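J.: What follows is a structure written as structure tokens; I'll ask about it next.
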């Protein structure tokens, strides 16, 4: 232990100042020299500096998981939030498929696991079909009707058409006018998520009367009864990120994230360690890219990936420092 | 591991255990004015930074053992050494898997804790920190928004970090943790 140079408080204040500088901008040449000189002065300086950097970095992690603090900001909200995840891994904004006209598809459209397809319907409305999904388009003189057979689809309804826009999923019917919303099957229930405007949902096991679902609301028509949830706009955006060919994770458990990834990936990801499956994960991935996901998760949690029999097994490193 | 990986490794693997090491040190070093807890912790971070982290199997144990070494060196240099204390230091044994699991699952508590600390920051300090961390603005943007110089923003941020560093010397759930019988996690005494 070196003889202390300055009190502990001074050291910690200096360490905090250097940690902020190095974390937020390039140091000038002068500053770099000063920092080197300061660090060389005492191992306590180095220790305090390492600690300050670790705390700065730790608050990033917490910030990434947190919704409340961000919402507290008076008028500060980044226009798109992808920036936050840029570091996480293999980020590529790519729309798979593209403008496929539905008329060439004789009404029925299906997608494979690793594709997301955007359909422009006759009236100019847009349907974006998630992976492993199927829908049928039936437009006639009285209604614009779409039947979701499987999976999930997002709709952007064109204004100004007098015909109602109706989406049915099993016995649930969603009626919308000039609205953005998604309908999907999730564990056998039908989920309706509204991003813009409002829709009326009728049918379903326990929804006799039509219910209005508004912006940033989600209604789940389940056998046990309908559940309604308010969602933060960011959460709606996250859940519907697949329309851009992306999966976004913002503190979901790694296990849940893997389930979602596997929905699209031809090479499924298996997490063998239950403690790893519970870990909270942040990242953005291109749909279908199970490999990128597995490797990013391995990196984040000091794990490793082994490919066996067409599956990617994610596990902790044998000599991982976290074990 | 490159620099930023190492920093994140410290954030993930070392920081959560620091309050426990501090409590242990406070209990051991009571009355030894020449040995300062902050000093031991700083020295421990410095030594761990220099270590080959890829080979560290258990960061919690490593942190404790490093801190113990540092105190041991210090005591050996000083004239008055309590034999009991030396014995205590020799037999430190950490059974930590349970604690590790406990810590890892408390992401929500971490967020609450951070929010609570942030809410108590001085107003300017808090504003700068929130704009930086949650608004993801650059120094320049923050400076414009707050109507101050960029160097002032930096000072606010450094102060915020300094306060966070102070707060993180203890756990939010200090009371809760100490309710749990320590011997469940720790084994003291000779074998």
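Chains as they are written, first to last, in our numbering: chain P, 3 to 325; chain G, 2 to 192.
Beta carbons are placed, not taken as given, at the ideal position from N, Cα and C, and that holds for glycine.
Predicted, not measured: the structure shown is a model, and the values here were computed from it.
1) Using a Cβ-Cβ cut-off of 7 Å, state whether residue 59 (chain P) counts as contacting chain G.
2) With the cut-off set at 7 Å, would you say residue 201 (chain P) and residue 176 (chain P) are in Cβ contact?
3) What would DSSP say about residue 273 (chain P), mapped onto helix, strand or coil?
4) For residue 232 (chain P), name the three-state secondary structure that DSSP assigns.
5) From residue 156 (chain G) to residue 28 (chain G), what does the alpha carbon distance come to, in whole angstroms?
6) Any beta-carbon of chain P closer than 7 Å to the one on residue 44 (chain G)?
7) In whole angstroms, what separates the C-alpha of residue 117 (chain P) from that of residue 130 (chain P)?
8) Roughly how many angstroms separate the alpha carbons of residue 164 (chain G) and residue 30 (chain G), rounded to a whole number?
9) Is the segment 277-296 of chain P touching the segment 241-259 of chain P, taking contact as three or more C-beta pairs under 8 Å?
10) On a Cα-Cα basis, can you pick out the residue from P:51, P:42, P:38 and P:41 that is closest to residue 42 (chain G)?
11) If you follow the alpha helix (DSSP H) that residue 37 (chain G) is in, where does it begin and where does it stop?
12) Leaving aside the five residues before and after residue 266 (chain P) along the sequence, list all residues of the same chain whose C-beta is less than 6 Å from its C-beta, in chain order.
13) On a Cα-Cα basis, can you pick out the residue from P:123, P:231, P:19 and P:25 that is closest to residue 5 (chain G)?
14) Using the Cβ count rule (16 or more neighbours within 10 Å means buried), how would you classify residue 268 (chain P)?
15) Quick check: is the beta carbon of residue 250 (chain P) nearer than 7 Å to any beta carbon in chain G?
16) Return helix, strand or coil for residue 14 (chain P), following the three-state DSSP convention.
17) Check residue 147 (chain G) in the structure and name its three-state DSSP category.
18) Assuming the contact rule is C-beta atoms closer than 8 Å, residue 159 (chain P) and residue 181 (chain P) should be a hit. Round their C-beta distance to whole Å, please.
19) Residues of chain G with CB under 8 Å from residue 46 (chain P), in chain order?
20) If we call anything under 7 Å between Cβ atoms a contact, is residue 18 (chain P) one with residue 162 (chain G)?
21) Going along chain P, which residues have a C-beta under 9 Å from residue 140 (chain G)?
22) Going along the chain, which residues of the segment 157-169 of chain G sit with their C-beta nearer than 7 Å to a C-beta in chain P?
23) Roughly how many angstroms lie between the CA atoms of residue 14 (chain G) and residue 116 (chain G), to the nearest whole one?
24) Distance cutoff 7 Å, beta carbons only. Does residue 197 (chain P) sit that close to anything in chain G?
25) What does DSSP give as the partner residues of residue 182 (chain P) in its beta bridges?
T.: Taking the definition as stated:
1) The count along the first chain starts at 1 and reaches residue 59 (chain P) at position 57. Residue contact with chain G for residue 59 (chain P): present (Cβ-Cβ distance below 7 Å to some residue of chain G).
2) Looking up residue 201 (chain P) in the first chain gives position 199. Looking up residue 176 (chain P) in the first chain gives position 174. Result yes, Cβ atoms of residue 201 (chain P) and residue 176 (chain P) sit closer than 7 Å.
3) Taking the first residue of the first chain as 1, we reach residue 273 (chain P) at position 271. Residue 273 (chain P): strand per DSSP, three-state reduction.
4) The residue given as residue 232 (chain P) occupies position 230 in the first chain. In the structure shown, residue 232 (chain P) sits in a strand (DSSP, three-state: E or B).
5) In the second chain, the residue the question calls residue 156 (chain G) occupies position 155. In the second chain, the residue the question calls residue 28 (chain G) occupies position 27. If I take the Cα positions, the gap works out to 35 Å.
6) For the purposes of this step, residue 44 (chain G) is taken as the residue at position 43 of the second chain. Yes - at least one Cβ of chain P is within 7 Å of the one on residue 44 (chain G).
7) Working through the first chain from its first residue, we reach residue 117 (chain P) at position 115. Working through the first chain from its first residue, we reach residue 130 (chain P) at position 128. Approximately 11 Å, taken between the alpha carbons.
8) Residue mapping note: residue 164 (chain G) aligns to position 163 of the second chain, counting from 1. Residue mapping note: residue 30 (chain G) aligns to position 29 of the second chain, counting from 1. One alpha carbon belongs to residue 164 (chain G), the other to residue 30 (chain G), and they sit about 24 Å apart.
9) yes
10) Along the second chain, one-based indexing puts residue 42 (chain G) at 41. Per the Cα distances, P:51.
11) Position 36 of the second chain, counted from the first residue, corresponds to residue 37 (chain G). Segment: none, residue 37 (chain G) is in no alpha helix (DSSP H) and carries neither H nor E.
12) Counted from its first residue, the first chain places residue 266 (chain P) at position 264. Within the same chain, residue 266 (chain P) has close Cβ partners 115, 116, 133, 289 and 290.
13) For the purposes of this step, residue 5 (chain G) is taken as residue 4 along the second chain, with counting starting at 1. Nearest of P:123, P:231, P:19 and P:25 to residue 5 (chain G), Cα basis: P:25.
14) Position 266 of the first chain holds residue 268 (chain P). Counting Cβ neighbours within 10 Å, residue 268 (chain P) comes out exposed, since fewer than 16 surround it.
15) On the first chain, position 248 is the one that residue 250 (chain P) refers to. With 7 Å as the cut-off, residue 250 (chain P) does not count as an interface residue toward chain G.
16) The sequence position of residue 14 (chain P) within the first chain is 12, counting from 1. In this structure, residue 14 (chain P) counts as helix in the three-state DSSP scheme.
17) Within the second chain, the letter at position 146 stands for residue 147 (chain G). Residue 147 (chain G): helix per DSSP, three-state reduction.
18) Residue 159 (chain P) sits at position 157 when you count from the first residue of the first chain. Residue 181 (chain P) sits at position 179 when you count from the first residue of the first chain. At roughly 5 Å, the Cβ-Cβ gap stays under 8 Å, so residue 159 (chain P) and residue 181 (chain P) are in contact.
19) Residue mapping note: residue 46 (chain P) aligns to position 44 of the first chain, counting from 1. In chain order: 40, 43, 44 and 47.
20) Taking the first chain and counting its residues from 1, one reaches residue 18 (chain P) at position 16. Taking the second chain and counting its residues from 1, one reaches residue 162 (chain G) at position 161. Yes. Within cutoff.
21) Position 139 of the second chain, counting from 1, holds the residue named residue 140 (chain G). Ordered by position in chain P, the residues that pass the 9 Å Cβ test against residue 140 (chain G) are 26 and 27.
22) 158, 159, 162, 163, 165, 166 and 169
23) The residue you call residue 14 (chain G) lines up with position 13 of the second chain. The residue you call residue 116 (chain G) lines up with position 115 of the second chain. Each residue's alpha carbon lies about 21 Å from the other.
24) For the purposes of this step, residue 197 (chain P) is identified with residue 195 of the first chain, where counting begins at 1. No, its Cβ sits nowhere closer than 7 Å to a Cβ of chain G.
25) Along the first chain, read from residue 1 onward, the residue named residue 182 (chain P) stands at position 180. Paired residue(s): P:158 and P:198.
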